[in-house]
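**Q**
Numbering (UniProt numbering), first residue to last: 1 to 588.
(1) Have a look at residue 410 and residue 301 and give me their C-alpha separation to the nearest angstrom.
(2) So within the segment 213-261, which uninterrupted alpha helix (DSSP H) runs reach at least 4 residues, ignoring any that extend past its ends?
(3) Nearest-angstrom Cα distance between residue 509 and residue 471?
(4) Using three-state DSSP, classify residue 494 as helix, strand or coil.
(5) Going by C-alpha distance, which of 535, 539, 482 and 474 is nearest residue 511?
(6) In whole angstroms, what separates the C-alpha of residue 126 from that of residue 159?
(7) Give me the residue from 349, 331 and 354 with the minimum Cα distance to residue 339.
(8) As a quick exercise: from 310, 164 and 239, pick the residue whose alpha carbon is nearest that of residue 227.
(9) Measuring alpha carbon to alpha carbon, tell me which of 176, 222, 241 and 314 ends up nearest residue 191.
(10) On the three-state DSSP scale, how would you describe residue 158?
(11) With a threshold of 16 other CB atoms inside 10 Å of the CB of residue 348, please say whether the residue is buried or exposed.
(12) Between residue 307 and the rest of its own chain, which residues show a CB-CB distance below 6 angstroms, the 5 nearest in sequence each way excluded?
(13) Since residue 59 is in the alpha helix (DSSP H), which residue starts that stretch and which ends it?
(14) Using the three-state DSSP reduction, which class does residue 124 fall into: helix, strand or coil?
(15) Assign residue 209 to one of three DSSP states: helix, strand, or coil.
(16) Compare the Cα-Cα distances from residue 224 to each of 53, 270 and 193 and report the closest residue.
(17) Using a threshold of 8 angstroms, state whether the C-beta atoms of residue 485 and residue 538 are closer than that.
(18) At 3 residues or longer, and completely inside the segment 438-485: list those beta strand (DSSP E) runs for me, N to C.
(19) My understanding is that residue 211 touches residue 161, with C-beta atoms under 8 angstroms, so please give their C-beta distance in whole angstroms.
(20) Unbroken beta strand (DSSP E) runs of length 3 or more, entirely within the segment 302-387: which are they?
(21) Could you check if residue 112 is buried or exposed, using at least 16 other CB atoms within 10 Å of its CB as the buried criterion?
(22) Going by DSSP in three states, residue 392 sits in which element: helix, strand or coil?
(23) Whole angstroms is fine: what's the gap from residue 394's alpha carbon to residue 514's?
(24) For residue 407, collect the residues of the same chain with a Cβ closer than 7 angstroms to its Cβ; drop the 5 residues on either side in sequence, then sort them by chain order.
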C-alpha cells in the first residue's frame, strides 16, 4: 500500500540530498556518472547478484520461468515486477522499449501469481500504460479480462486500484478503446465505481479505494462518450442495464473530487439516451444530487460544472416525435427521387412502385409544411416543454448563466495560465485571437449555452435571464472561436430580443441589432447591421431586400405570424408564441 512512497527518489523521502544545503545561491547539481540514481524500491529490496539492471532476466522471472534459480539467485516475481517498475520510472524511453515484453509477462503474473505478485504487476501495468505505444501491446496479449477480474479483489485494494488505473489508461487511445470494449466486463467496472452504502465502511477503507472508483468511472466515461464513440450506444445500454446510473449518482454524492468529475460526465452520457431522460427527471433524489453539486460554491471544478451543464442540456433537448418527421420524409423523398431518376431506372420492375411512393412522400412533406402541426409532433413539443418547466423549477438557470463568465485569475492560475490575456507585447489585443481558456471551460460554455438555448423559448426563462444580465455574457461569447458556442449565443439573444422589455438591455449590452430589431414594427432588413458575408448572400438571394426597396417590398414585421414563428418555437403553443416573440404593437 505504500508503493507510491517507495517509488520516489531517496532525497525526496528525507534522505541525503544530492545537493549540499548552503546559504546563498544554490549551486547547480553536477551530472552523476555511472548508473542512474536508485529509487526507494531499489534501495529497500534485496538484490542478490546485482540483477536489477538485467531486464531480460527480470521479464523471464516475472513470467514464472525461474531462470535465476539456475544461477543460484532467489528472486520473487513481486520483486522482479518492482525492479522493472523502477527501471520504467527512471528511463521513460527504456520503459517504452520493453513494453512488449512487459505486456506478456505481466498478464502471465496476473493470471497465476500470488496476491503480492498481482499487486506489483498491476502497478507496473498502470505505469507502463501511460504511453500510447504500450497500450496496443496490452490489448493484444489479453490484459483487459485479467484486469477486470482483478477489480473485485477485495483482499488487495492496491491491486484493484492499479487495475482500474490501467483500464482507464487503455481507454484513452481511440484504436485501443474500440477493441477493449469487446473484452471489458462493464458490470465489474460499475461495481468498482460504486461507493459503499455504509459511511462507517467507507471511513475504514484504505486511501486507494477512492482512487479505484475514480479510475473506474473515468474509464466508463471514455467508453460511453457519444462524441468520442459514435457507435457505442450498445455500450451505454450495457452500463445502464448494470444499474450504472445509481452507482454514478452515489459516487457524485460520496466520492472524491476526481470521482465526482468522472461520475457527473457518466450521468450526462446516460442522459444522452432518450428513454432515460423522463426517468431521471421523475427521480427527485437523483436530480437533487445533481443540482446540489451544480449550485455548490465549494465545488469549483470546471469539469464538474461543465458535466452538469451537459446533463441539463440533454435533459431539455427536443423530444423526437413517435412518427416520421419532416426531415426523415425529406431524406426519403431524395432517395426515392434518385432511384427513379437514375439511368435505367425506368426499366426496373420496381419503377412504378417507387414513383408512386415518391409522389406520396412528396405530398406528405408538402402537407407538413403547409398544414397544421401533426398530433405526434405536438405531443413531442408538449413533452419537451414539460421537461424545460421541470428543470426551471429546480433553479438551474442562475448557475448556468454564472458558467458563462470569463475565466478568473484564480482559474487561470490553477491551470498554469496566469498572465495570459491574449495581448501583444505593445499591450494591444491580438486580432483574431481570443484570450486562452482553462481546461474544460470551453465545454462549460458549449453545454451551458445549449441548455440556455433550449430554455429560451420559455417566458419565465427569458425573464430570469434578463434579471441575471445574461445578455452581456452572451454578447461576449460571440467572439469565441468555437462556432457552436457562437451559434447558441446568437439563438438565445434572438429569443430574448423577441420581447420588447429586453430591447433596452440588449442595446445597453451592445448586442448586434439584428438580434432584437428584426421583430420590431416597420423594420426592414436594409436597416440591420448584418455581417458583410451575410449581406452579400442576402443580396444574391433576394435582390432589393438587403439594400434599397425593390419590387414587392414590404417591411418584415408585416409578414404573417405563421411564416415567422411556426417552425422556430415549436415548444410554445401558437397562442402564446405571438405574445412572447412579437411586441404588443405588432400583434393584430
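Positions of the beta carbon are idealized from the N, C-alpha and C atoms, including for glycine.
All of these numbers come straight from a predicted model, not from anything done at the bench.
**A** Taking the structure as given:
(1) 12 angstroms
(2) 233-241 and 244-254
(3) 7 angstroms
(4) Of the three classes helix, strand and coil, the one that applies to residue 494 here is helix, per DSSP.
(5) Residue 474 is the option with its Cα nearest to residue 511.
(6) 10 angstroms
(7) 354
(8) 310
(9) 241
(10) helix
(11) exposed
(12) 264, 265 and 268
(13) 55-63
(14) helix
(15) helix
(16) 270
(17) no
(18) none
(19) 5 angstroms
(20) Complete beta strand (DSSP E) runs here, min 3: none at all.
(21) exposed
(22) helix
(23) Residue 394 and residue 514 have their C-alpha atoms spaced approximately 32 angstroms apart.
(24) 437, 438 and 441
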